[in-house]
Amino acid sequence: VDAGLRTRGSGKDRAKTYLERAATWVGDLPENDPVVQEYHYRCLELAATQSDQASRRQHAQWLVDNAAGSAYEMAALMIVANAVDRDVAAAGRNAPDSLRDQALTAFQRLVNMLGDSPDVLTQSKNARVALSRLAHHAHELKSYGLAAESLEKLLGVAPREKRYLRRAALAHLSAGQDEESLEHWRTLLLGLPKGSEDWYEAKYHQLACLNRTDRDRARKVFRQFELLYPDLGGAKWRGQFSDLTGGW
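One point on numbering: in the numbering used here, the residue at position 79 of the sequence shown is 154, and numbering is uninterrupted.
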């Protein structure tokens, strides 16, 4: 089967025939038998050559469920995690929490396998992507502490990455960690173009965090901001700033 899958033409057809024959015997073996695990992996490979995504995912899921610690676990887990990620994206805001839980579990497991140390994250794009997706699904499930922790690890190797900074700031904010959130909004304010939409968002959240942690300081920052930007960001932001400062 392995040789057939690596050739062109009739080799793949012969590999399929051999796998069909093997299926009659595989069912008589225990699921933890290495031969059974390899059978599912070869079926996964065959499905990939045939662009049969449903079968590919089916065999990958079997390996994720039954072949932990094997040589096939990583490849299968990446297929399953990315497939569930796409399912969540396709469902959008209507995605049920049960589906989001599957995605969170898959990416948590993938992060555990790939690692999330600074060295690993610096060298491995897959590790960074897996940790980023873990943070995303954690945030959507309101596990804000996990989301913030994951994003802080990413910021450890990319401290000026605007997307990580914003997501970390929002995660800390949702977790009630105003000081940590404030620090990231301040960093964003220094790097974003002044007067841009993203800049006004960062300024608003900076003031909101200060309002809860140091109201006197918040008043001073707002007065300076109001002098320089009297329109308060235009129609989109003026009302929000007014609501925030209405009690001052």
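Virtual Cβ for every residue (Gly too), placed ideally from N, Cα, C.
Compare the C-beta of R292 with all C-beta atoms of chain B and state if any pair is closer than 9 Å. Among the chains of the structure shown, chain B does not appear; only one protein chain is present.
Which residue's Cα is closest to the Cα of L121: R89, S225 and G266? Within the sequence shown, numbered from 1, the residue matching residue 121 stands at position 46. Nearest option by C-alpha distance: R89.
So the alpha helix (DSSP H) G231 belongs to, where does it begin and stop? The residue given as residue 231 occupies position 156 in the sequence shown. Its alpha helix (DSSP H) spans residues Y219 to V232.
Taking the beta carbon of D191 as the centre, do at least 16 other beta carbons fall within 10 Å, making it buried, or is it exposed? By 1-based counting over the sequence shown, the position of residue 191 is 116. Note on D191: 16 or more other CB atoms within 10 angstroms of its CB, so buried under the neighbour-count rule.
Status (buried if at least 16 other CB within 10 Å, exposed otherwise) for K91: Counting from one through the sequence shown, the residue named residue 91 turns up at place 16. By the 10 Å Cβ count, K91 comes out buried.
Inspect the beta-carbon positions of L185 and A213 and report whether they are closer than 9 Å. Along the sequence shown, read from residue 1 onward, the residue named residue 185 stands at position 110. Along the sequence shown, read from residue 1 onward, the residue named residue 213 stands at position 138. At the C-beta level, L185 and A213 stay beyond 9 Å of one another.
Whether L54 touches L138 by CB criterion (9 Å): Absent from the structure is residue 54, since the part of the chain shown begins at 76 and ends at 323.
Compare the beta carbon distance of R161 and H211 with 9 Å and say whether it is the shorter of the two. Here residue 161 refers to the residue found at position 86 of the sequence shown. Here residue 211 refers to the residue found at position 136 of the sequence shown. No, the pair does not count as a contact, with Cβ atoms beyond the cut-off.
Going by DSSP in three states, A164 sits in which element: helix, strand or coil? Here residue 164 refers to the residue found at position 89 when the sequence shown is read from its first residue. Three-state result, A164: helix.
Just the Cα atoms here: how many angstroms apart are F297 and D176? Within the sequence shown, numbered from 1, the residue matching residue 297 stands at position 222. Within the sequence shown, numbered from 1, the residue matching residue 176 stands at position 101. C-alpha separation (whole angstroms): 41 Å.
I'd like to know whether the C-beta atoms of A250 and A223 end up nearer to each other than 9 Å. Taking the first residue of the sequence shown as position 1, residue 250 is located at position 175. Taking the first residue of the sequence shown as position 1, residue 223 is located at position 148. Result yes, Cβ atoms of A250 and A223 sit closer than 9 Å.
Identity of the residue in E215, S207 and K217 nearest E227 by Cα: As a position in the sequence shown, residue 227 is number 152, starting the count at 1. Out of E215, S207 and K217, S207 has the C-alpha closest to the C-alpha of E227.
To the nearest angstrom, how far is the alpha carbon of L307 from that of F182? Indexing the sequence shown from 1 puts residue 307 at position 232. Indexing the sequence shown from 1 puts residue 182 at position 107. One C-alpha to the other measures close to 41 Å.
In three-state DSSP terms, what is G190? Here the question's residue 190 lines up with position 115 in the sequence shown. Here G190 sits in coil by DSSP.
On the criterion of 16 or more Cβ atoms from any shown chain inside 10 Å, does S126 qualify as buried, or is it exposed? As a first step, residue 126 must be located in the sequence shown, where it is residue number 51. Answer is exposed; the Cβ neighbour count stays below 16.
Identify which residue in G314, N141, L264 and Q128 has its Cα closest to the Cα of V111. As a working mapping, residue 111 is identified with position 36 in the sequence shown. The residue with the shortest Cα to Cα distance from V111 is N141.
Quick check on the burial criterion: 16 or more other C-beta atoms within 10 angstroms. Buried or exposed for S85? Translated into the one-based positions of the sequence shown, residue 85 becomes position 10. Looking at its Cβ environment, which holds fewer than 16 other Cβ atoms inside 10 Å, S85 is exposed.
Which of the three DSSP states is assigned to K114 in this structure? Along the sequence shown, one-based indexing puts residue 114 at 39. With the sequence shown as reference, residue 114 is identified as Tyr, and Lys is not the correct amino acid for it. Note: Y114 maps to helix in three-state DSSP.
Are L209 and L221 touching if we call contact CB-CB under 9 Å? The count along the sequence shown starts at 1 and reaches residue 209 at position 134. The count along the sequence shown starts at 1 and reaches residue 221 at position 146. The answer is yes: Cβ separation under 9 Å.
Less than 8 Å between the CB atoms is what I'm expecting for Y189 and T124, so what's the real figure, rounded? Along the sequence shown, read from residue 1 onward, the residue named residue 189 stands at position 114. Along the sequence shown, read from residue 1 onward, the residue named residue 124 stands at position 49. The residue you asked about is not Tyr; residue 189 is Leu in the sequence shown. Not confirmed; about 26 Å, so no contact.
A150 and Y116 - do their beta-carbons sit closer together than 9 Å? The count along the sequence shown starts at 1 and reaches residue 116 at position 41. The count along the sequence shown starts at 1 and reaches residue 150 at position 75. Going by C-beta atoms, Y116 is nearer than 9 Å to A150.
Boundaries of the alpha helix (DSSP H) in which W312 is found, first to last residue: In the sequence shown, counting from the first residue as 1, residue 312 sits at position 237. Run containing W312: A310 to T320, per the alpha helix (DSSP H) assignment.
8 Å CB neighbourhood of L264 in its chain, flanking five on each side removed: Residue mapping note: residue 264 aligns to position 189 of the sequence shown, counting from 1. Excluding positions up to five away in sequence, the list reads W274, A277, K278 and Q281.
Return helix, strand or coil for D108, following the three-state DSSP convention. Position 33 of the sequence shown, counting from 1, holds the residue named residue 108. Of the three classes helix, strand and coil, the one that applies to D108 here is coil, per DSSP.
Leaving out the 5 sequence neighbours to the left and right, which residues in its chain are closer than 8 Å to Y93 when beta-carbon positions are compared? Working through the sequence shown from its first residue, we reach residue 93 at position 18. Only V76 and G79 meet the Cβ criterion.
Please name the residue in D318, P109 and A165 whose C-alpha comes closest to that of G144. As a working mapping, residue 144 is identified with position 69 in the sequence shown. For the residues D318, P109 and A165, the minimum Cα distance to G144 belongs to P109.
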